[in-house]
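Asks: In the numbering used here, the protein residues as written are 1 to 428.
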C-alpha cells in the first residue's frame with residue numbers, strides 16, 4: 001500500500017527491515033571498517049530517504065526495541081531530524097520526506113509507547129469472506145476443492161467461537177492439509193488445524209490493552225463511552241480492534257436501526273442521514289446522522305469486516321429530537337483525556353451529575369445493562385459503544401445486577417408517535 005502511494009506521488013521508496021536486535025545506529029549511520037583500514041560511515045535506507053525526499057518504509061516496526069525508537073523521536077515531530085552519535089552529525093529531513101511503519105501482532109513484538117506519533121493509522125482488518133475465498137483459491141490452486149470447502153467451513157466455525165485467524169494462517173492451513181492428504185494421512189484437515197491453528201492460538205503473547213483513559217473496562221466488558229460523531233472516539237474503535245479484537249460488539253441503538261446502519265456502512269465514506277417522522281402532539285422530524293469518524297458506525301463496520309457478532313442493545317423510548325447535542329459544550333473535550341487521565345472521567349461525571357435524568361434514559365440504561373450482562377456470560381470479551389452520558393449509570397447497574405426501571409421502555413417517544421413509514425435516507 002505504501003509503495004503504491006509512493007508510486008502515485010512519484011517519490012522513491014526506501015525499505016528498512018526492523019528486527020529485535022536493531023540498534024539506534026543501524027537506523028541512522030553505521031561505521032564500517034574498509035579493507036585499507038579506513039572507517040566509512042554508511043547511511044541507512046531511512047537516512048537516504050530523508051536526504052532524497054523519498055518515502056521510508058519501516059517494515060515490522062514493532063519488532064524494534066524501545067531504545068531504537070527513541071533515536072527517531074525528533075524525526076516524528078516538528079523537529080524533523082535525527083542525530084548520529086557515531087558520526088557526530090545532525091541530519092535534517094527533506095520537506096518531501098515521509099515515513100510509513102508496518103506492524104504485525106504476535107508474540108515476538110514489543111508494545112510501543114510511541115503510537116501517538118504514528119498518525120494517521122490504518123488498521124488492516126480481516127477481509128470479507130468472499131474476498132478470503134478468492135484469495136485462497138488464487139494462492140492455493142493446487143489444493144483440492146473438497147479441502148478448500150472444508151477450510152472455509154472450519155474457519156467460519158472458529159469465528160463463531162471468537163477465534164480469529166489471519167489470512168496467512170488460512171493459507172498455511174490449506175497448503176499443509178493438501179500435503180498431508182498427498183502423504184496419505186487420515187483426516188488431513190483436522191491434523192493440519194491442530195498443527196497450524198491450535199499452535200498459533202497457544203503461542204504465548206504479552207497482554208495488550210487499549211490504554212487511553214477514554215476506554216473503560218468492567219470485567220470482560222470493554223466500553224467506549226463516546227461523544228457521538230467525534231473522530232477521537234472513532235480512532236479509538238480502530239485501536240481497540242487492532243489491539244484486543246472483541247468477541248462481540250454491543251451498540252447503543254435499537255434493533256430497528258440495524259437496516260439504517262447497514263445502509264450507512266454501504267455508503268461509507270459519504271456522510272448520510274436517516275430521517276424518521278413523529279406524528280401527533282409535537283410532530284417533528286428526527287434525524288440520525290452517520291458520518292466517518294463516528295464510533296458507532298466505525299464499530300459496526302469493523303465488526304462486519306471481522307465477522308464479529310453485533311448486537312443492538314438499546315430500546316426506542318424517546319425522540320432523538322430531545323437528545324442533547326453530541327459533544328455538549330459544558331463537558332471538557334475528549335482531546336484532554338490523554339493528558340488528564342482518569343481525572344477526565346471524574347470531571348465529566350461530576351458535570352453530568354448536575355443535569356436532570358429523565359425516566360426514558362433510566363429505562364434505556366436498564367435495558368442496555370441487562371443485555372450487556374447476558375452478552376458478558378455468552379462471550380469471552382464484549383465491546384460496548386455508546387453515549388458517554390450513559391456509561392457511569394450502566395456500569396453501576398452491572399456492578400449491582402440492577403436491571404429495574406424497565407417500565408415504559410416500550411413507550412412511544414415523548415411528544416408523538418413514530419410514523420410506520422420507513423425512514424427517509426439522504427446522502428451528503
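For each residue, glycine too, the CB sits at the ideal point set by N, CA and C.
Using three-state DSSP, classify residue 300 as helix, strand or coil.
Replies: Looking at residue 300 - three-state DSSP - the assignment turns out to be helix.
Asks: If you drop the 5 nearest sequence neighbours on each side, which residues of the same chain put their C-beta closer than 8 Å to that of residue 44?
Replies: Closer than 8 Å at the Cβ level, and outside the excluded window around residue 44, lie 16, 26, 27, 28, 29, 30.
Asks: Considering only the alpha carbon of each residue, which of 169, 197, 216 lies closest to residue 388?
Replies: The shortest C-alpha separation from residue 388 is found at 216.
Asks: Per DSSP, what kind of secondary structure is residue 346 in: helix, strand or coil?
Replies: Helix at residue 346.
Asks: Tell me whether the beta-carbon of residue 39 lies closer than 8 Å to the beta-carbon of residue 46.
Replies: In this structure, residue 46 does not lie closer than 8 Å to residue 39 by Cβ.
Asks: At the level of alpha carbons, what is the spacing between residue 136 and residue 148?
Replies: Residue 136 and residue 148: Cα-Cα distance of roughly 8 Å.
Asks: Just confirm the distance between the C-beta atoms of residue 423 and residue 275, as a whole number of angstroms; I'd bet it's less than 8 Å.
Replies: The pair is a contact, with the Cβ atoms about 6 Å apart (cut-off 8 Å).
Asks: Applying the 10 Å Cβ sphere with the 16-neighbour rule, what's the burial state of residue 4?
Replies: It counts as exposed.
Asks: Under the three-state reduction of DSSP, which class applies to residue 59: helix, strand or coil?
Replies: The answer is strand: DSSP assigns residue 59 an E or B state.
Asks: Would you list, in sequence order, the uninterrupted alpha helix (DSSP H) runs of no fewer than 4 residues that lie entirely inside the region 65 to 136?
Replies: Entirely contained in the region 65 to 136, the alpha helix (DSSP H) runs reaching 4 residues are, in chain order, 66 to 70.
Asks: Does DSSP put residue 223 in a helix, a strand or coil?
Replies: Correct three-state label for residue 223: strand.
Asks: To which residues of the same chain is residue 382 closer than 8 Å at the C-beta, ignoring the five residues directly before and after it?
Replies: Closer than 8 Å at Cβ, skipping near neighbours: 220, 221, 222, 246, 247, 248, 249, 250, 372, 375, 376.
Asks: Under three-state DSSP, which class holds residue 288?
Replies: If DSSP states are grouped into helix, strand and coil, residue 288 belongs with the strands.
Asks: Can you confirm whether the region 81 to 97 touches the region 119 to 136 when touching is taken to mean that 3 or more C-beta pairs between the two stretches lie within less than 8 Å?
Replies: Too few Cβ pairs lie closer than 8 Å, so no.
Asks: Would you mind working out which of 310, 7, 290, 21 sits nearest residue 60, comparing C-alpha positions?
Replies: The residue with the shortest Cα to Cα distance from residue 60 is 21.
Asks: Is it true that the CB of residue 169 sits closer than 8 Å to the CB of residue 197?
Replies: Yes, these two residues count as a Cβ contact at 8 Å.
Asks: Going by C-alpha to C-alpha distance, which of 8, 252, 9, 63 sits closest to residue 311?
Replies: Considering only alpha carbons, the answer is 252.
Asks: Express the C-alpha separation of residue 232 and residue 339 in angstroms, rounding to a whole number.
Replies: Its pLDDT being 48, under 50, residue 339 is placed unreliably in this model, and the coordinates cannot settle the point.
Asks: Specify whether the region 234 to 246 and the region 293 to 301 touch according to this definition: at least 3 beta carbon pairs, one from each stretch, less than 8 Å apart.
Replies: Output reads yes: the region 293 to 301 touches the region 234 to 246.
Asks: In terms of residue numbering, what span does the alpha helix (DSSP H) encompassing residue 334 cover?
Replies: No alpha helix (DSSP H) contains residue 334, which DSSP labels as neither H nor E.
Asks: Out of 272, 309, 81, 262, which one is the CA nearest neighbour of residue 161?
Replies: Checked all of 272, 309, 81, 262; the closest Cα to residue 161 is 309.
Asks: Where residue 58 and residue 426 are concerned, what is the direct C-alpha to C-alpha distance, given to the nearest angstrom?
Replies: Whole-angstrom Cα-Cα distance: 42 Å.
Asks: Taking the alpha-carbon of residue 80 as reference, which of 53, 63, 65 has the nearest alpha-carbon?
Replies: Of the listed residues, the one whose Cα sits closest to residue 80 is 53.
Asks: Work out the CA separation of residue 361 and residue 354 for me, nearest whole Å.
Replies: Their backbone Cα atoms lie some 15 Å apart in a straight line.
Asks: Name the two residues that bound the continuous alpha helix (DSSP H) containing residue 429.
Replies: Only positions 1 to 428 of the chain appear in the structure, and residue 429 is not among them; the question remains open.
Asks: Check the C-beta distance from residue 263 over to residue 301 and give it rounded, since I have them as a contact under 8 Å.
Replies: At roughly 12 Å, the Cβ-Cβ gap does not stay under 8 Å, so residue 263 and residue 301 are not in contact.
Asks: Which of helix, strand or coil does DSSP assign to residue 140?
Replies: Coil.
Asks: How is the beta strand (DSSP E) around residue 15 delimited, first residue to last?
Replies: That run of the beta strand (DSSP E) goes 13 to 17.
Asks: Return the chain-ordered list of same chain residues with a C-beta closer than 7 Å to the C-beta of residue 393, the five sequence neighbours on each side being excluded.
Replies: Answer for residue 393: 365, listed in chain order.
Asks: Does residue 26 come out as helix, strand or coil in the three-state DSSP assignment?
Replies: Helix.
Asks: Please go through the region 350 to 394 and give each complete alpha helix (DSSP H) segment of 4 or more residues, from N-terminal end onward.
Replies: Qualifying alpha helix (DSSP H) stretches, in chain order: 359 to 378.
Asks: From which residue to which residue does the alpha helix (DSSP H) around residue 147 run?
Replies: Run containing residue 147: 145 to 160, per the alpha helix (DSSP H) assignment.
Asks: Quick check: the Cα distance between residue 97 and residue 75, rounded to an integer number of angstroms?
Replies: If you take the alpha carbons of residue 97 and residue 75, they lie about 10 Å apart.
Asks: Can you tell me the Cα-Cα spacing of residue 260 and residue 289, whole angstroms?
Replies: Whole-angstrom Cα-Cα distance: 10 Å.
Asks: When DSSP builds the beta bridges, which residues end up paired with residue 425?
Replies: According to DSSP, residue 425 bridges with 274.
Asks: Going straight from the alpha carbon of residue 386 to that of residue 368, what length do you get?
Replies: Roughly 10 Å separates the two Cα atoms.
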